[in-house]
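A quick write-up on the structure given underneath.
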Amino acid sequence: MLFIHDPRPRRKSHVRGAWIFGAICGYRATNHHCGEVTIRKACPISAHSSETELREQGAVFMPRFDSAGLVTAVAVDHASGALLMLAHMDAEAIAKTRQTGFAHFHSRSRGRLWMKGESSGHVLKVIEIRVDCDQDALELRVEPAGPACHTLAPSCFYRRIEDDGSLARIEDA
0 MLFIHDPRPR RKSHVRGAWI FGAICGYRAT NHHCGEVTIR KACPISAHSS ETELREQGAV
60 FMPRFDSAGL VTAVAVDHAS GALLMLAHMD AEAIAKTRQT GFAHFHSRSR GRLWMKGESS
120 GHVLKVIEIR VDCDQDALEL RVEPAGPACH TLAPSCFYRR IEDDGSLARI EDA
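Oh and the sequence shown: position 68 is 67 in numbering that gives the first Met the number 0, straight run, nothing missing.
Structure (structure tokens):
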């Protein structure tokens, strides 16, 4: 394993003490956990690549957290493609999700980590995690074990805004 720590000062969007995974050596990082990296083979990213190039074109997971240390995450039903919910994840939630295979989020209202379905049993089994182009949003492809919404609707997106501004329930959501 190769450990490369980037000593440069962190901007607010970075997690303090973040690791740059193999970028300096021009290698692709295939696995990482809490700063550990497994290197398999070279990739076309050079030592002169910008952080933006590494984030957008590289093979390294480098989440771009907001000033509160969060990224936006959406859960999508793996089988149907239906949008189930939107939440936020911090580094701990991402690590716990990857470790357990079940969706964990950072609750802004509770100010803590929570596993979706921890009280209801309506957990989200994670099949795949995708990251957007600039790595500030995640898509969790999941198998839901029940309704995704706390209102017991299959999706949190169960109403649409009508032309007059009123809300109408969507019957298939």
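For glycine and all other residues, C-beta sits at the position ideal for the given N, C-alpha and C.
All of these numbers come straight from a predicted model, not from anything done at the bench.
Cβ shell of residue i (< 7 Å), same chain only, five flanking positions each side left out
i       : result
Ile-169 : Tyr-157, Arg-158 and Arg-159
Gly-16  : Legend: pLDDT at Gly-16 = 39, less than 50; position of this residue unreliable, no value from coordinates given.
Pro-6   : Reliability fails at Pro-6, whose pLDDT of 41 lies under 50, so the model's placement of it is uncertain and the value that follows must be treated cautiously. Result list for Pro-6: empty, nothing under 7 Å.
Asp-163 : none
Pro-69  : Note that residue 69 is Leu in the sequence shown, not Pro. His-87, Met-88, Asp-89 and His-105, listed in sequence order.
Gly-100 : Lys-124 and Val-125
Ala-167 : Arg-158, Arg-159 and Glu-161
Bounding residues of the alpha helix (DSSP H) (the contiguous stretch that carries residue i)
i       : result
Leu-184 : Residue 184 cannot be examined here, being either before or after the span of the chain that is shown, 0 to 172.
Lys-95  : 90-99
Minimum C-alpha distance to residue i - residue among the options
i       : options                               : result
Ala-92  : Cys-148, Ser-154 and Leu-137          : Leu-137
Ala-90  : Arg-107, Phe-64 and Gly-110           : Phe-64
Ser-119 : Pro-146, Arg-140, Met-84 and Pro-62   : Pro-146
Pro-82  : Ser-165, Cys-148 and Gly-164          : Checking the sequence, you will find Leu at residue 82 rather than Pro. When each option's Cα is compared against that of Leu-82, the closest is Cys-148.
Ser-108 : Asp-133, Thr-99 and His-87            : His-87
Arg-140 : His-121, Asp-163, Gly-80 and Arg-54   : Gly-80
Gln-134 : Glu-50, Glu-55 and His-121            : Glu-55
Thr-71  : Glu-161, Pro-153, Ala-152 and Asp-131 : Asp-131
Close-in-space but distant-in-sequence residues of the same chain around residue i (CB under 6 Å, 5 per side omitted)
i       : result
Lys-95  : His-103
Leu-85  : Val-73
Gly-116 : Val-122
Arg-129 : Glu-138
His-13  : For His-13, the predicted structure reports a pLDDT of 40, less than 50, and the residue's modelled location is therefore unreliable. A value from the coordinates is still provided. Once the five neighbours on either side are set aside, His-13 has no close Cβ partner at all.
Pro-62  : Val-70 and Gln-134
Ala-144 : His-121 and Val-122
Same chain, Cβ closer than 8 Å to residue i, neighbours up to 5 away in sequence not counted
i       : result
Arg-111 : His-105
Glu-142 : Asp-76, His-77, Ala-78, Leu-123, Lys-124 and Ile-126
Span of the beta strand (DSSP E), counted from its first residue to its last, around residue i
i       : result
Asp-162 : Counting along the chain, Asp-162 falls outside any beta strand (DSSP E), and DSSP gives it neither H nor E.
Ser-106 : 103-106
Thr-71  : 70-76
Val-141 : 136-143
Leu-166 : 166-168
Arg-63  : Neither: Arg-63 is in no beta strand (DSSP E) and is coded neither H nor E.
Lys-124 : 123-130
Arg-111 : 111-114
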